[in-house]
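What follows is a single structure, written as structure tokens, with notes after it.
2 protein chains.
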Amino acid sequence: MERTAQNIDYTEDAAQTARFAKALSHPVRLTILKYLNNQSCCFTTDLVGVLPMAQSTISQHLKELKEAGLIQGTIDPPKIKYCINKENWLKAQALFERIFKKDFSKIDCC
Amino acid sequence: MERTAQNIDYTEDAAQTARFAKALSHPVRLTILKYLNNQSCCFTTDLVGVLPMAQSTISQHLKELKEAGLIQGTIDPPKIKYCINKENWLKAQALFERIFKKDFSKIDCC
DNA sequence: AATATTAATCGTATATTTGCGATGAACTTA
DNA sequence: TAAGTTCATCGCAAATATACGATTAATATT
Chain X
1 MERTAQNIDY TEDAAQTARF AKALSHPVRL TILKYLNNQS CCFTTDLVGV LPMAQSTISQ
61 HLKELKEAGL IQGTIDPPKI KYCINKENWL KAQALFERIF KKDFSKIDCC
Chain A
111 MERTAQNIDY TEDAAQTARF AKALSHPVRL TILKYLNNQS CCFTTDLVGV LPMAQSTISQ
171 HLKELKEAGL IQGTIDPPKI KYCINKENWL KAQALFERIF KKDFSKIDCC
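This is how it looks when you write it as structure tokens:
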């Protein structure tokens, strides 16, 4: 097998952390998460009212957050109620904590 | 002014958090940061030896981490020594903590 | 001075992301 | 049943990200 970037096997933690980070890497998605975190839950309608973007764009961001596992939607016809996916949220929290948890006492070289 | 996505003024925190998250959103960059965090510092050479990718690609990832402020390079001719940018690292840590710090006691709706 | 090492940058190809308007499916309400 | 609401998806355009090899500038070594 050729030794190129295509064939790297990252640790599952690194891959998962990268996926979560990617989901958090857009200000609109951070705004949505903050909103959900404050409101417990909300409907897409609410977000469309708050965010100055097309409904389709917001729907796309919601899809990404859902696919990353950070939120979940429950059907409440004809609306969909979104909320934080608690389990994965805590998982993400743990992974980000792990990134930053290191001791800096030894880092005095720069 | 037209009310489109182009004209949104995100809070500085959201924008900064998104920039940090973007820097963390690739497994190679997470690997580099982990390496730096363990080793205190390292040279590009070291990373090229460890990561199975072209030197130019690694250099590009280093540039992104540097532009996000998470690492810094000091010239040590003919090499460049990279290490974590402690100040911004702690800033990033604080911002990510802030994302996840919420109380979940009220989130029982889903 | 000539050669080697280091690491950034350029040029290029391909993939992904972001945004919008338009459409459509599912469900409600009149 | 007809009209309205909700929200996902499609199709498209533009921007950004990712990777590579080749080149270049700076410095070190012979």
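So the protein lines, in turn, are chains X and A. Numbering-wise, the first sequence is residues 1 to 110 according to the working numbering. Numbering-wise, the second sequence is residues 111 to 220 according to the working numbering. Backbone N, C-alpha and C fix where the C-beta goes; we use that ideal spot for every residue, glycine too.
In the DSSP assignment, what are the bridge partners of residue i?
| i | result |
| --- | --- |
| X/Y82 | X/C42, X/G73 |
May I have the straight-line CA-CA distance separating residue i from residue j, to the nearest angstrom?
| i | j | result |
| --- | --- | --- |
| A/R113 | X/P52 | In this prediction, A/R113 scores a pLDDT of 45, lower than 50, which makes its location untrustworthy; the coordinate-derived value is nonetheless stated afterwards. Rounded to whole angstroms, A/R113 to X/P52 spans 6 Å at the Cα level. |
| X/S59 | X/V28 | 11 Å |
| A/Y145 | X/F100 | 13 Å |
| X/L62 | A/F153 | 40 Å |
| A/H136 | X/A92 | 15 Å |
| A/Y192 | A/S150 | 9 Å |
| X/C90 | A/L205 | According to the sequence displayed, residue 90 of chain X carries Leu and not Cys. The alpha-carbon atoms of X/L90 and A/L205 are separated by roughly 16 Å. |
| X/Q20 | A/D186 | Before going on, a small fix: residue 20 of chain X reads as Phe here, not Gln. Near 35 Å, if we compare the C-alpha coordinates of A/D186 and X/F20. |
| X/T57 | X/V50 | 13 Å |
Report the neighbours of residue i on chain X: residues whose CB is nearer than 7 Å to its CB, in chain order.
| i | result |
| --- | --- |
| A/Q203 | F100 |
Which chain X residues sit within Cβ distance under 9 Å of residue i?
| i | result |
| --- | --- |
| A/H136 | A18, A21, K22 |
Identify, in the order they occur along the chain, each residue of the same chain with its Cβ nearer than 8 Å to the Cβ of residue i, setting aside the five sequence neighbours on each side.
| i | result |
| --- | --- |
| A/N195 | G179, L180, I181, Q182 |
| A/A128 | Y120 |
| X/L65 | A23, R29, I32, L33, I71 |
| X/T45 | K79 |
Residue i touches chain A at which residues, Cβ-Cβ below 7 Å?
| i | result |
| --- | --- |
| X/A14 | P137, L140, T141 |
At 9 Å on the CB atoms, spell out the chain A contacts of residue i, in chain order.
| i | result |
| --- | --- |
| X/Y35 | Under the 9 Å cutoff, chain A gives no residues; its nearest Cβ is about 11 Å from X/Y35. |
If I measure Cβ to Cβ from residue i and keep anything under 6 Å in the same chain, skipping five residues before and after, which residues do I get?
| i | result |
| --- | --- |
| A/T184 | K191 |
- Item | Residues within the region 38-56 of chain X neighbouring chain A, beta-carbon criterion of under 7 Å | S40, C41, P52, M53
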